[in-house]
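Residue numbers (the UniProt record's numbering): 1 to 205.
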């Protein structure tokens with residue numbers, strides 16, 4: 001990735017990859033259907049380019065009453081899941097070149113709740129009172145096997161709501177679909193060619 005002084009959110013490859021990844025998950029009918037899948041419609045990559053830096057990726061979480069507990073504030077388990085999802089996806093999208101395309105597995109996720117997240121009635125789309133910014137930052141660089149991320153939830157006015165520390169372990173170093181090099185693509189074409197040639201011979205016989 002580029003140096004902090006030359007960082008440009010418009011041209012950053014990692015952010016573009018991350019945006020494409022999230023769009024694919026939301027649009028795909030056969031996409032992820034596991035734990036937290038119902039949170040996807042409420043999560044998006046921040047469009048404000050000033051909210052991203054070389055080392056910080058910011059998401060927007062739009063909580064609804066479905067994310068709340070009996071007291072009318074966002075459930076603690078939901079907050080933990082949002083932190084887990086955002087820090088992991090940021091790692092997958094922006095650091096797949098460092099072999100973190102698979103996101104790794106969690107070793108520890110410590111969440112501190114500082115202020116209840118109240119959900120108010122809102123009409124329309126765009127920026128709203130309920131918006132929660134989720135800043136995800138890699139702490140101390142990305143290692144081959146281990147990484148620690150810091151997450152911060154805040155309102156658009158800067159009020160901090162919750163923070164987390166998420167440590168992850170990279171077990172297999174899975175790459176994002178389609179991120180393989182030319183060699184992998186060439187192998188696939190050769191394989192398809194052989195299969196096609198075999199079928200043509202069978203047809204002639």
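Note that the Cβ used here is the ideal one computed from N, Cα and C, for glycine as well.
- Query: Between residue 179 and residue 72, what straight-line distance do the alpha-carbon atoms span, to the nearest angstrom?
  - Reply: Note on residue 179: pLDDT 48, under 50, position unreliable in the model; the coordinate value appears next. Near 43 Å, if we compare the C-alpha coordinates of residue 72 and residue 179.
- Which first and last residues belong to the beta strand (DSSP E) in which residue 80 is found? Note, residue 80: premise wrong, no beta strand (DSSP E); alpha helix (DSSP H) at 76-94.
- Length of the line joining the Cα atoms of residue 63 and residue 161: Taking the CA atoms as reference points, residue 63 sits about 13 Å from residue 161.
- Item | Beta-carbon spacing of residue 43, residue 20 below 7 Å | no
- Query: Where does the unbroken beta strand (DSSP E) through residue 165 begin, and where does it stop?
  - Reply: 160-169
- Which residues bound the beta strand (DSSP E) around residue 108? 105-113
- Look at residue 103 and residue 80 and say whether their C-beta atoms are less than 7 Å apart. No. Outside cutoff.
- Item | residue 105 classed as buried or exposed, judged by whether at least 16 other C-beta atoms fall within 10 angstroms | exposed
- Task: Using three-state DSSP, classify residue 71 as helix, strand or coil.
- Result: coil
- Message: Classify residue 33: buried if its beta carbon has 16 or more other beta carbons within 10 angstroms, exposed otherwise.
- Response: exposed
- Task: Please report the Cβ distance between residue 215 and residue 115, rounded to the nearest whole angstrom; I am assuming they are in contact, meaning their Cβ atoms lie under 8 Å.
- Result: Because the chain here runs from 1 to 205, residue 215 falls outside it and cannot be looked at.
- Item | Cβ-based burial, residue 70 [other Cβ within 10 Å; buried from 16] | exposed
- Integer-rounded CB distance, given that residue 110 should sit under 8 Å from residue 165: Correct: roughly 5 Å between the Cβ atoms.
- Message: Cutting at 7 Å between CB atoms, please list the residues of its own chain near residue 9, excluding the five before and the five after it.
- Response: Result list for residue 9: 15, 49, 52, in chain order.
- Message: Which of the three DSSP states is assigned to residue 137 in this structure?
- Response: strand
- Quick one: grab the DSSP three-state call for residue 50. Helix at residue 50.
- Item | Proximal residues to residue 83 (C-beta, below 8 Å), its chain only, five neighbours per side dropped | 109, 111, 134, 151, 153, 162, 164, 166
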